[in-house]
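Numbering (my numbering), first residue to last: 11 to 455.
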């Protein structure tokens, strides 16, 4: 009689579904960090990561499960075969974009972006989303979001993340950002700056570009800004256990008249060391604001500064690389059309170029030759990977640094996506400067 074999064939898929259902109920996204700037070394880099936790009483084979940063596309990356998570165990998945396994640690095909309110979703082999998390609010660098305790329903930030270990030491979210008034921009005379102090807090501020600390000047009432400069402020809670706010930065241009867009850099001594002396032995962080010629604020972000170029950095006017860092929790790119010759309006990296080789003193530097050639090639459609150009002005901590060129940076993911419709990791981008290396692509580290 065929009844028993038929019954077995019907029960088998039901059993598999029930097994998946039970496993799905016990595996959770437990901790997430898109702000791992320089704290936890994973697979040769400081990468984004997701921690899974198995709240069940048995191990779970995650082969064929999925992890994604898009709730509308849960199957973005499949967990490789042979990856299991023990009962009560933790599994760290590195979100590096490398799509590989390094020293037993799986790496996804995507990275995380916390300032775009991305999702992280875990789906079982049937594409049923079993656990999810959304970055509704970003964290400051080196912090994480995690369940208040392993497997708990509530989430907190962690000032000391705990990948591959039990969640411990949860914190309340940061103090609200203080609001400066008037708004950053150009003014025809001195301005009185006031700061809205969050309830139960104090505000500390600086006027020299340095990040405010608990020992910086205490805000006690409106103060006068009579010359072009930067105000940076941080709010500190009077309640223990609540971390300080993000930094608020505003540049005030006093009696300045310009006909070009303006970049204003607000940064501490580490950035000034790089910009003045070259070299980048330390990571230099700072704020950048972008203003139109009328000194109206168009965009701003917090990121990383590096020197740009080689011998040209022996000139008095230095070239500057700037990278927007999503890890810092402010933004992941500059969202503005910077160049009249290009429709591109997303920039993770830019160069503030002081004409480089066309700026050597004593060599009849014209300050425009390279920009002219690049622009001409662009206008006549030679398609030679030109770097768009726009003249601009640069201020550093309120000090005028002169006329610069805003230039595209080719090793920018947004560059390849705009001009080639390909993310950087899908383009073999080979660089040469003293040696040869791959920044992106099949041979990249």
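Beta carbons are placed, not taken as given, at the ideal position from N, Cα and C, and that holds for glycine.
No experiment lies behind these values; they were computed from the predicted model shown.
Item to check | Own chain, CB closer than 6 Å to residue 154, minus 5 neighbours either side, in chain order | outcome: The residues 41, 43, 168 and 171, in chain order, have a CB closer than 6 Å to that of residue 154 in the same chain once the five nearest residues on each side in sequence are set aside.
Next on the checklist: Within the continuous alpha helix (DSSP H) that includes residue 379, where are the two ends?
Outcome noted: Run containing residue 379: 379-389, per the alpha helix (DSSP H) assignment.
Checklist entry - How would you write the range of the alpha helix (DSSP H) that residue 120 sits in, first residue to last? => result Segment: none, residue 120 is in no alpha helix (DSSP H) and carries neither H nor E.
Item to check | Element boundaries [alpha helix (DSSP H), containing residue 426] | outcome: For residue 426, the enclosing alpha helix (DSSP H) starts and ends at 423-430.
Next on the checklist: What does the alpha-carbon distance come out to for the pair residue 161 and residue 120?
Outcome noted: Whole-angstrom Cα-Cα distance: 25 Å.
Next on the checklist: Can you tell me whether residue 403 is buried or exposed? The criterion is at least 16 other CB atoms within 10 Å of its CB, across all chains shown.
Outcome noted: By the neighbour-count rule (16 or more Cβ atoms within 10 Å), residue 403 is buried.
Checklist entry - CB-CB under 7 Å to residue 246, same chain, minus the five flanking residues each way: which ones, in chain order? => result By the criterion of a C-beta distance shorter than 7 Å, residue 246 is surrounded in its chain by 185, 211, 212, 214, 224 and 254, once the five residues flanking it on both sides are discounted.
Item to check | Helix, strand or coil at residue 130 [DSSP, three-state] | outcome: DSSP places residue 130 in strand when its eight states are reduced to three.
Item to check | CA-to-CA distance, residue 302 to residue 66, given in whole angstroms | outcome: Here the alpha carbon of residue 66 sits roughly 57 Å from the alpha carbon of residue 302.
Checklist entry - Which residue from 80, 90, 175 and 361 puts its Cα closest to that of residue 128? => result With respect to the C-alpha of residue 128, the residue from 80, 90, 175 and 361 having the closest C-alpha is 80.
Checklist entry - Start and end of the beta strand (DSSP E) containing residue 409? => result Per DSSP, residue 409 belongs to the beta strand (DSSP E) from 409-418.
Checklist entry - With DSSP run on the structure shown, which of helix, strand or coil describes residue 18? => result In this prediction, residue 18 has a pLDDT of 45, which is less than 50 and means its spatial position is unreliable; what the coordinates show is noted afterwards. Three-state result, residue 18: helix.
Next on the checklist: When you compare the region 273-285 with the region 172-182, are there three or more beta-carbon pairs, one atom per stretch, that lie closer than 8 Å?
Outcome noted: Short answer: they don't touch.
Item to check | Classification of residue 274 by the beta-carbon crowding that lies within 10 angstroms, buried from 16 upward | outcome: With 16 or more other Cβ atoms inside 10 Å of its own Cβ, residue 274 counts as buried.
Checklist entry - Could you give the distance in angstroms between the alpha-carbon of residue 329 and the alpha-carbon of residue 364? => result Taking the straight line from one Cα to the other gives about 5 Å.
Next on the checklist: Within 10 Å of its beta-carbon, does residue 446 have 16 or more other beta-carbons around it, so buried, or fewer, so exposed?
Outcome noted: Exposed, because fewer than 16 other Cβ atoms sit within 10 Å of the Cβ of residue 446.
Checklist entry - What three-state label does DSSP hand residue 249 in the structure shown? => result DSSP places residue 249 in coil when its eight states are reduced to three.
Next on the checklist: What would DSSP say about residue 438, mapped onto helix, strand or coil?
Outcome noted: The three-state reading of DSSP puts residue 438 in coil, since its state is none of H, G, I, E or B.
Checklist entry - My guess is that residue 146 and residue 342 are in contact by the Cβ rule of under 8 Å, so how many angstroms apart are they, rounded? => result About 15 Å separates the beta carbon of residue 146 from that of residue 342, a gap too long to meet the 8 Å contact definition.
Checklist entry - Between residue 45 and residue 194, what straight-line distance do the alpha-carbon atoms span, to the nearest angstrom? => result Note on geometry: alpha-carbon atoms of residue 45 and residue 194 lie some 27 Å from one another.
Item to check | Collapsed DSSP secondary structure at residue 256 in the structure displayed | outcome: In the three-state DSSP reduction, residue 256 falls in the coil class, being neither helix nor strand.
Item to check | Where residue 457 sits in the DSSP three-state scheme | outcome: As shown, the chain starts at 11 and ends at 455. That puts residue 457 outside it, with no answer to give.
Next on the checklist: Within the continuous beta strand (DSSP E) that includes residue 43, where are the two ends?
Outcome noted: Boundaries of the beta strand (DSSP E) around residue 43: 37-43.
Next on the checklist: Between the alpha carbons of residue 56 and residue 105, how many angstroms are there, rounded?
Outcome noted: Taken atom to atom, the span from the alpha-carbon of residue 56 to that of residue 105 is near 10 Å.
Checklist entry - How far does the beta strand (DSSP E) with residue 59 in it reach, from first residue to last? => result Run containing residue 59: 58-64, per the beta strand (DSSP E) assignment.
Checklist entry - In chain order, what residues of the same chain have a beta carbon less than 6 Å from the beta carbon of residue 269, not counting five sequence neighbours either side? => result 303, listed in sequence order.
Checklist entry - So the beta strand (DSSP E) residue 151 belongs to, where does it begin and stop? => result Membership of residue 151 in any beta strand (DSSP E) is not indicated, and neither H nor E is assigned to it by DSSP.
Next on the checklist: Can you find the residues in the same chain that come closer than 6 Å, C-beta to C-beta, to residue 386, ignoring five residues on each side of it along the sequence?
Outcome noted: Within its own chain, no residue has a Cβ closer than 6 Å to the Cβ of residue 386 once the five positions on either side in sequence are excluded.
Next on the checklist: Within a Cβ cutoff of 8 Å, which residues of the same chain sit near residue 85, ignoring the five residues on either side of it in sequence?
Outcome noted: The answer, listed in chain order, is 76, 78, 133 and 137.
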